[in-house]
Amino acid sequence: MMRRDLAVIALLAALAVAWLIARSDPPDAGDAPLDTTALLADAPESFERITGPQPLEFPADHALHPGYRSEWWYFTGNLFDADGRRFGMQFTLFRFGLAADDSRPTLDSVFAADAVWMAHLALSDVAERRFFHRERFARGALGLAGASEDRWWLRDWTVTRTEAGWRLRADAGTFALDLALDAVKPVVLQGNRGYSQKGPAPGNASRYYTFPRLAADGTVRVDGRARAVEGTAWLDREWGSSQLGPGIEGWDWFALQLDDGRDLMMYRLRTEQDTASPFSAGALVEADGSARILDRDDFELEPVRRWRDPEGVSWPVAWRARLPEAGLDLAIEATFDDQQWRTGVRYWEGAIDVHDRATGDRLGLGYLELSGYSADRERGRR
Amino acid sequence: MRARLSHGFFRRHPGQWLLALIGIAAGMAVVTGVALLRGALVDSLDAASDALAGQDSIAVRAADGAIAPERFAELARLHGAPDWVPVLRIPVRVGGVELEVVGLDTFSAVRDVAGNASLGGAADALEWTGDGPPPAAIGPETAGLLGVATDAVLTLEGPSGPVELRLAAAAGTGLDRRLVMDIAVAQHAFDLPDTISELLAPGSARGWIEQNLPDGLQARTLEEQRASARELTAGLRANLTAMSLLALATGLFVVYSVLSFLMVQRRRSFGVLRAIGLTPGDLGRMLIQESLLLGALGSLAGLVAGTLLADLLLGLIADPVRSIYGQLALARTEPALWLYAALFVLGVLAAIAVTVPVVREALRVPPGRMVRAASAPLPKRVRWALAGVPVALGLAWVAVDGRLVASLGGLFLVLAGLATLLPPVGFGLLSVAGRRAGPGLTGRAVRLLDGSRRRLAPALSALSLALALAMGMGMMILGFRASVDDWVQRLLRADLYVSAPERALAVEEVERLAAIDAVAAVSTVSAQRLADGTRLTAYRLPARAWAGFDWLAGDPDEVRAGFEQGLGVAVSEPLARARGLAPGDALVLPLPGGVRQFEVLGVFRDYSSDAGFVAIDADRLGGRLAGTVDSVGLYAVAGVGRNTLQRQLEAALAADPQTSDLQWIGPREIRDQSLAVFDRTFRISWAMAVLVGGIALVALVSALLAHGFERAREYATLRALGLAPTQLFRLIVVQTLALTLAAAMLAVPVAVVVHYALALFIQPRAFGWSVPAGLPPIEPIVVVVPLALVLGALAGLIPAARIGRRPPADGLRAR
Numbered sequence: 019m020m021r022r023d024l025a026v027i028a029l030l031a032a033l034a035v036a037w038l039i040a041r042s043d044p045p046d047a048g049d050a051p052l053d054t055t056a057l058l059a060d061a062p063e064s065f066e067r068i069t070g071p072q073p074l075e076f077p078a079d080h081a082l083h084p085g086y087r088s089e090w091w092y093f094t095g096n097l098f099d100a101d102g103r104r105f106g107m108q109f110t111l112f113r114f115g116l117a118a119d120d121s122r123p124t125l126d127s128v129f130a131a132d133a134v135w136m137a138h139l140a141l142s143d144v145a146e147r148r149f150f151h152r153e154r155f156a157r158g159a160l161g162l163a164g165a166s167e168d169r170w171w172l173r174d175w176t177v178t179r180t181e182a183g184w185r186l187r188a189d190a191g192t193f194a195l196d197l198a199l200d201a202v203k204p205v206v207l208q209g210n211r212g213y214s215q216k217g218p219a220p221g222n223a224s225r226y227y228t229f230p231r232l233a234a235d236g237t238v239r240v241d242g243r244a245r246a247v248e249g250t251a252w253l254d255r256e257w258g259s260s261q262l263g264p265g266i267e268g269w270d271w272f273a274l275q276l277d278d279g280r281d282l283m284m285y286r287l288r289t290e291q292d293t294a295s296p297f298s299a300g301a302l303v304e305a306d307g308s309a310r311i312l313d314r315d316d317f318e319l320e321p322v323r324r325w326r327d328p329e330g331v332s333w334p335v336a337w338r339a340r341l342p343e344a345g346l347d348l349a350i351e352a353t354f355d356d357q358q359w360r361t362g363v364r365y366w367e368g369a370i371d372v373h374d375r376a377t378g379d380r381l382g383l384g385y386l387e388l389s390g391y392s393a394d395r396e397r398g399r400r
Numbered sequence: 059m060r061a062r063l064s065h066g067f068f069r070r071h072p073g074q075w076l077l078a079l080i081g082i083a084a085g086m087a088v089v090t091g092v093a094l095l096r097g098a099l100v101d102s103l104d105a106a107s108d109a110l111a112g113q114d115s116i117a118v119r120a121a122d123g124a125i126a127p128e129r130f131a132e133l134a135r136l137h138g139a140p141d142w143v144p145v146l147r148i149p150v151r152v153g154g155v156e157l158e159v160v161g162l163d164t165f166s167a168v169r170d171v172a173g174n175a176s177l178g179g180a181a182d183a184l185e186w187t188g189d190g191p192p193p194a195a196i197g198p199e200t201a202g203l204l205g206v207a208t209d210a211v212l213t214l215e216g217p218s219g220p221v222e223l224r225l226a227a228a229a230g231t232g233l234d235r236r237l238v239m240d241i242a243v244a245q246h247a248f249d250l251p252d253t254i255s256e257l258l259a260p261g262s263a264r265g266w267i268e269q270n271l272p273d274g275l276q277a278r279t280l281e282e283q284r285a286s287a288r289e290l291t292a293g294l295r296a297n298l299t300a301m302s303l304l305a306l307a308t309g310l311f312v313v314y315s316v317l318s319f320l321m322v323q324r325r326r327s328f329g330v331l332r333a334i335g336l337t338p339g340d341l342g343r344m345l346i347q348e349s350l351l352l353g354a355l356g357s358l359a360g361l362v363a364g365t366l367l368a369d370l371l372l373g374l375i376a377d378p379v380r381s382i383y384g385q386l387a388l389a390r391t392e393p394a395l396w397l398y399a400a401l402f403v404l405g406v407l408a409a410i411a412v413t414v415p416v417v418r419e420a421l422r423v424p425p426g427r428m429v430r431a432a433s434a435p436l437p438k439r440v441r442w443a444l445a446g447v448p449v450a451l452g453l454a455w456v457a458v459d460g461r462l463v464a465s466l467g468g469l470f471l472v473l474a475g476l477a478t479l480l481p482p483v484g485f486g487l488l489s490v491a492g493r494r495a496g497p498g499l500t501g502r503a504v505r506l507l508d509g510s511r512r513r514l515a516p517a518l519s520a521l522s523l524a525l526a527l528a529m530g531m532g533m534m535i536l537g538f539r540a541s542v543d544d545w546v547q548r549l550l551r552a553d554l555y556v557s558a559p560e561r562a563l564a565v566e567e568v569e570r571l572a573a574i575d576a577v578a579a580v581s582t583v584s585a586q587r588l589a590d591g592t593r594l595t596a597y598r599l600p601a602r603a604w605a606g607f608d609w610l611a612g613d614p615d616e617v618r619a620g621f622e623q624g625l626g627v628a629v630s631e632p633l634a635r636a637r638g639l640a641p642g643d644a645l646v647l648p649l650p651g652g653v654r655q656f657e658v659l660g661v662f663r664d665y666s667s668d669a670g671f672v673a674i675d676a677d678r679l680g681g682r683l684a685g686t687v688d689s690v691g692l693y694a695v696a697g698v699g700r701n702t703l704q705r706q707l708e709a710a711l712a713a714d715p716q717t718s719d720l721q722w723i724g725p726r727e728i729r730d731q732s733l734a735v736f737d738r739t740f741r742i743s744w745a746m747a748v749l750v751g752g753i754a755l756v757a758l759v760s761a762l763l764a765h766g767f768e769r770a771r772e773y774a775t776l777r778a779l780g781l782a783p784t785q786l787f788r789l790i791v792v793q794t795l796a797l798t799l800a801a802a803m804l805a806v807p808v809a810v811v812v813h814y815a816l817a818l819f820i821q822p823r824a825f826g827w828s829v830p831a832g833l834p835p836i837e838p839i840v841v842v843v844p845l846a847l848v849l850g851a852l853a854g855l856i857p858a859a860r861i862g863r864r865p866p867a868d869g870l871r872a873r
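Protein chains in written order, with the numbering used here: chain R, 19 to 400; chain S, 59 to 873.
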């Protein structure tokens with residue numbers, strides 16, 4: 019009798035305690051980065067597609083191209099101060115078009131926008147192995163972000179066109195860049211006269227042009243101290259909708275500036291089987307500015323060392339690159355390993371060194387971009 | 059064995075056990091409910107602001123309303139400017155529930171919005187494809203509050219009419235009473251295409267904002283906003299806490315009176331136990347274990363009931379808090395485990411504390427003793443000292459310390475002192491009544507009560523105090539309501555008041571109104587909040603309107619003369635109290651045109667805001683305040699009735715399409731509306747009064763039931779001596795009614811003390827406003843006393859019926 023009464027009381031008390039604990043339990047929330055590959059692979063029907071070559075006009079084509087899903091203005095470069103201290107730099111403006119079909123309501127709002135803009139600013143302090151980066155967004159409304167022939171901007175980060183090239187000014191608080199970027203070589207139209215096919219279907223392509231060598235001159239501010247710097251930079255411009263074909267996992271993109279005056283761009287579109295897609299391509303630009311477009315068979319890229327980020331994702335930060343026709347067998351390696359973007363978008367973008375693989379002699383420097391590796395990790399977990 | 063003994067006893071007396079449990083649970087429920095409610099009033103963290111710009115984020119607002127989009131665009135592009143998150147806030151209603159629609163720039167705000175805590179992954183769902191109504195994210199608590207599914211289509215009442223939204227579930231915290239939309243979609247749906255309410259920036263931008271924020275914009279951190287929410291609702295919360303402690307004290311009285319009756323019933327068995335060798339220590343441990351178990355179970359039940367109660371109370375208080383303090387309360391209280399743990403410990407300790415005197419008495423039972431020895435009553439001097447010292451201390455505390463806590467503590471001390479005086483006075487009343495009732499059965503019944511004097515004393519004083527608290531709270535609310543009514547009627551001097559629902563009126567519109575034939579004079583009012591948070595109201599008043607002020611300080615004629623000559627300002631009572639202002643003091647105001655100093659000319663009575671405000675002559679101001687008005691009072695020409703005035707006004711407005719949105723209202727309707735607001739605001743106080751009253755009635759019934767059972771043997775003796783069952787029935791009912799009546803009569807003067815303490819000390823110190831001291835309203839007495847008598851009679855009937863049915867020998871054999 020007593021035992022039964024005690025059991026009933028204990029049960030009631032346990033129920034009350036369980037209810038109280040459940041009642042005081044706060045809900046949890048998740049977090050997930052953007053999947054860039056998916057963003058570049060799909061686009062609603064309403065977006066225009068790039069299906070063949072078309073003449074480009076400058077400066078008109080420096081401005082944005084509405085009607086396409088994505089577009090970017092992409093500077094990377096290597097800078098040195100008077101003491102020879104080296105910095106890598108990246109400034110990118112991305113535009114993502116919002117579906118342009120008629121079913122979308124026309125909003126009566128000052129914030130009504132046809133695009134979202136994202137800007138990435140990064141500085142690699144090679145000597146101290148520090149990677150500074152900052153991401154900003156803006157809605158394409160109220161003049162918060164935009165790109166005309168003469169000016170590309172997001173909030174107070176701006177690139178203005180000058181006589182010889184561009185002037186970049188961007189302050190991220192803890193670090194800042196103010197650079198004159200003068201074109202040393204003329205524009206290079208990638209692929210077939212700027213038509214860069216990246217997949218088998220019509221529309222798996224982008225419009226792509228490059229200024230492969232810009233002379234950089236200006237200041238870098240870091241640790242509260244402004245340093246005068248000089249160096250070389252690279253500008254990529256690209257736009258399109260549904261560029262990537264099916265089965266593409268990500269890409270590895272190289273922009274090399276060699277001491278002999280040549281510039282070399284190569285990208286490997288990586289399949290889910292970790293092979294190079296046949297649509298991988300590149301361009302070799304001679305010192306005089308003449309360019310030769312490379313296709314999949316003209317070069318070979320092979321990862322030789324991987325770096326694991328704190329979350330366990332492996333990034334290939336050292337490579338072997340071979341271009342038999344150009345007589346190049348290159349050892350490419352990150353100036354330091356951790357130049358990884360950990361924001362809404364996860365990718366690796368950093369300064370690299372280029373050496374002769376046989377002799378070990380330094381041949382030049384450049385920038386490397388690794389994308390789509392986080393997705394790989396997710397798959398591994400499944 | 060000890061456990062077996064306890065178990066056996068409680069098995070035989072489940073009713074008493076349950077009453078003690080209910081006493082603890084009821085008291086704990088009210089304390090828990092109020093503790094949770096306190097948090098819910100302040101802690102409605104705006105998770106949207108929090109997650110977008112960080113816990114330390116800064117909100118920038120315009121001094122005069124919304125931020126112009128061009129201004130935002132310019133600010134966003136300034137060098138070094140933070141990544142502003144523009145926010146649109148729209149007050150809306152769904153049924154009787156006040157909500158806020160928050161429009162966020164989900165794109166320009168950092169992209170983590172997609173996965174951040176506040177929106178719980180719903181950001182992508184905020185894009186409107188044009189299929190169906192515009193989407194809005196809703197949290198599960200808010201959906202529960204509205205009783206809608208998280209994917210339902212909801213119609214809500216916006217500032218310019220109903221708007222239909224499609225809900226999208228968001229798992230985030232802190233979306234309480236908020237619906238989150240994309241700012242562009244929200245602007246479109248609510249027809250506010252260029253409105254921005256505020257800009258959020260991360261805390262790291264503080265330095266930049268301090269240096270670069272242009273005039274007309276003001277920055278406040280979330281922490282500052284939270285602090286101001288705490289400050290705004292401090293009075294309300296203190297009041298609630300005081301009332302919950304009163305309820306706990308009442309609950310503990312129930313426990314004490316039930317336990318002491320239990321002890322009487324077990325006295326015999328204690329004597330036997332001692333005789334067979336149980337030491338006082340064993341006995342003490344047994345009793346403490348019992349009260350531990352009782353306290354733990356009662357507290358657990360109280361925590362559960364209190365959590366449910368808190369959500370009910372939150373429903374009562376959320377809307378007034380929204381309309382009066384501009385704060386959104388949580389949709390559901392958010393208890394923390396530590397709070398539960400602390401309350402649990404409080405409950406168990408309180409239960410043990412009231413058990414200690416009972417146990418001490420039980421331990422004094424000598425082995426073999428069956429009948430309790432009557433210990434000598436305390437000498438009169440000691441009794442007076444026991445009562446007088448706490449009362450004197452309480453009064454002294456209130457007198458020397460002007461804080462709210464002093465008036466609460468003082469009230470407790472005074473009540474504690476009175477509690478010791480109540481039983482002798484009550485039994486005095488009963489013996490007078492017994493003598494008056496003569497030699498009949500009724501008189502004998504009442505006189506018999508005197509025999510259980512010591513046993514009944516705690517119950518009598520508990521009952522009186524509990525009834526007094528319930529009545530006193532009711533008196534305070536009614537008295538305050540009457541004062542507000544008087545104040546509103548005095549204040550409203552005009553015949554009609556004209557305003558536009560969505561905008562301010564321009565000076566030309568006022569002139570047009572003044573030109574109406576039947577209008578003798580107009581008054582104008584416009585209010586705004588200054589940079590330092592001070593509320594400023596600008597008046598233009600005709601001579602008749604001045605009689606509406608009830609001046610608490612300052613000479614009325616001098617105030618008016620000084621006011622109209624621009625020599626100074628007048629302040630409302632809550633502001634004067636909060637800042638210690640008196641006529642002659644200087645007051646610095648950060649006006650839009652620059653900081654200026656004014657002399658305080660007078661202090662007037664005002665119940666419209668417990669933050670208080672400054673009244674200034676509109677002609678002394680420049681800027682928006684001078685150019686526009688919120689409301690116009692129309693004073694009819696002598697001899698012209700309100701109907702004529704209204705007809706002329708209608709005709710004048712109809713002639714001009716620009717003024718077609720103007721609305722008018724008479725003083726009568728404003729008074730009714732004000733009282734409706736008052737009633738909504740004081741629903742929570744009524745709820746507390748009813749809770750305390752409910753616990754008091756539980757105490758009443760439990761004490762009387764216990765008393766009836768305790769007297770079983772005595773009744774059996776009376777029956778054996780020849781008392782008929784019907785006579786016994788009458789005797790018992792007369793006794794319980796007499797006890798109840800005594801408790802109620804004692805409660806009335808104590809209720810008046812509680813009323814004046816609340817009205818004269820606690821209200822002014824909590825809210826800043828005083829209530830004119832008048833006679834206390836008698837309605838609470840009229841309601842509570844008969845109710846108590848009915849319940850008292852019922853509580854007597856049950857034992858009477860049981861005892862009446864039993865043969866007297868059973869009752870006697872118990873011996």
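Here a beta-carbon is modelled for each residue, glycine too, at the ideal position from N, C-alpha and C.
On the DSSP bridge assignment, give the partners of residue i in chain order.
| i | result |
| --- | --- |
| N222(R) | DSSP lists no partner for N222(R). |
| E657(S) | G626(S), A644(S) |
Short of 7 Å in beta carbon distance, which residues of its chain neighbour residue i, apart from the five on each side in sequence? Order them along the chain.
| i | result |
| --- | --- |
| P393(S) | L94, T365 |
Give the DSSP-derived three-state secondary structure of residue i in the structure shown.
| i | result |
| --- | --- |
| P230(R) | strand |
| D374(R) | strand |
| G342(S) | helix |
| R235(S) | coil |
Assuming residue i contacts residue j under a Cβ cut-off of 8 Å, what Cβ separation, rounded to an integer in Å, is found between them?
| i | j | result |
| --- | --- | --- |
| V247(R) | F65(R) | Contact flag wrong, Cβ pair sits at about 39 Å. |
| A802(S) | L527(S) | Between L527(S) and A802(S) the Cβ distance is about 13 Å, and since that is not below 8 Å, they are no contact. |
To the nearest angstrom, how far is the alpha carbon of residue i from that of residue j?
| i | j | result |
| --- | --- | --- |
| Q74(S) | I148(S) | 54 Å |
| L594(S) | S667(S) | 12 Å |
| T391(S) | R236(S) | 15 Å |
| A296(S) | R96(S) | 9 Å |
Near residue i, which residues of its chain fall below 6 Å by C-beta distance, leaving aside the five closest residues on each side in sequence?
| i | result |
| --- | --- |
| V177(R) | W170, W184, L186 |
For residue i, collect the residues of the same chain with a Cβ closer than 8 Å to its Cβ; drop the 5 residues on either side in sequence, then sort them by chain order.
| i | result |
| --- | --- |
| V661(S) | W609, L610, A611, G612, A628, V629, S630, E631, A634, L639, A640, P641 |
For residue i, would you say it is in contact with chain A, using Cβ-to-Cβ distances shorter than 8 Å as the test?
| i | result |
| --- | --- |
| F129(R) | The structure shown has no chain A; the protein chains it does contain are R and S. |
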